[in-house]
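Quick note, the sequence shown lines up with residues 600 to 754 if you use the working numbering.
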Amino acid sequence: MIIVEFEKSVSKKKRALMIDAIFFVDQELCHRLRKDYYINIRPVKNLSTKEGIYGDCMDEDDREFTIRIDISLSIEDIISTLMHEMVHVHQFITGKMRSKWVHEVTFDKVVYPHDMTYDERPWEIEAVLWEARLTERYSETKTAIRQGLFRHLRW
């Protein structure tokens, strides 16, 4: 089970869409996980302007994660950024990625310096690929629901 909390208030619409996207990724990537985990959402206005990033994910230990996200972005960019950061959550939970020290990251049992360029980091390459797949699937699912293609299902 996933537990989601917000550090600061967000509009009801954005909050609902963000929670929906997080649970979507949980179902797509984390459905086999048996233990609960906790996601703390830290909305930050103009994070992209202040730090040059749309979001990031921090492993707080004990299956607790903080995702910072630029709440000033369009809802589409917020959703795709959440998808990206949730891939990192999955990488941490499954042990594929570990970041015990500030200066290095272990990914697929290989130690990398933390100062690698973003485009060379294998954990980011994987997250970007999954972000695109998940965002497309999420969009297709929402479009299908809006078009009534799942009317035969009971919710």
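Heads up, the beta-carbon is just placed ideally off N, CA and C, and yes, glycines get one too.
- V603 carries a strand assignment under DSSP once its states are collapsed to helix, strand and coil.
- The residue from S610, Y636, N645 with its alpha-carbon nearest to that of D669 is N645.
- Comparing alpha carbon positions, the residue from I674, R732, K634, V727 closest to K611 is I674.
- For I621, there is no enclosing beta strand (DSSP E); the enclosing alpha helix (DSSP H) covers residues 611-628.
- The DSSP-derived three-state label of R736 is helix.
- Listed in chain order, the non-local C-beta contacts of A726 below 7 Å within the same chain comprise H683, V686, H687, local neighbours out to five positions each way being set aside.
- Ranked by how close their Cα comes to the Cα of D658, the residues Y636, A620, G651 have Y636 in first place.
- Burial of S679 is indicated by the presence of at least 16 other C-beta atoms within 10 angstroms of its C-beta.
- Distance from the CA atom of K613 to the CA atom of I621, rounded to whole angstroms, is 12 Å.
- By the 16-neighbour rule on beta-carbons within 10 angstroms, V701 is exposed.
- The criterion of a C-beta distance shorter than 8 Å is satisfied by F664 and F691.
- In the structure shown, the three-state DSSP call for E659 is coil.
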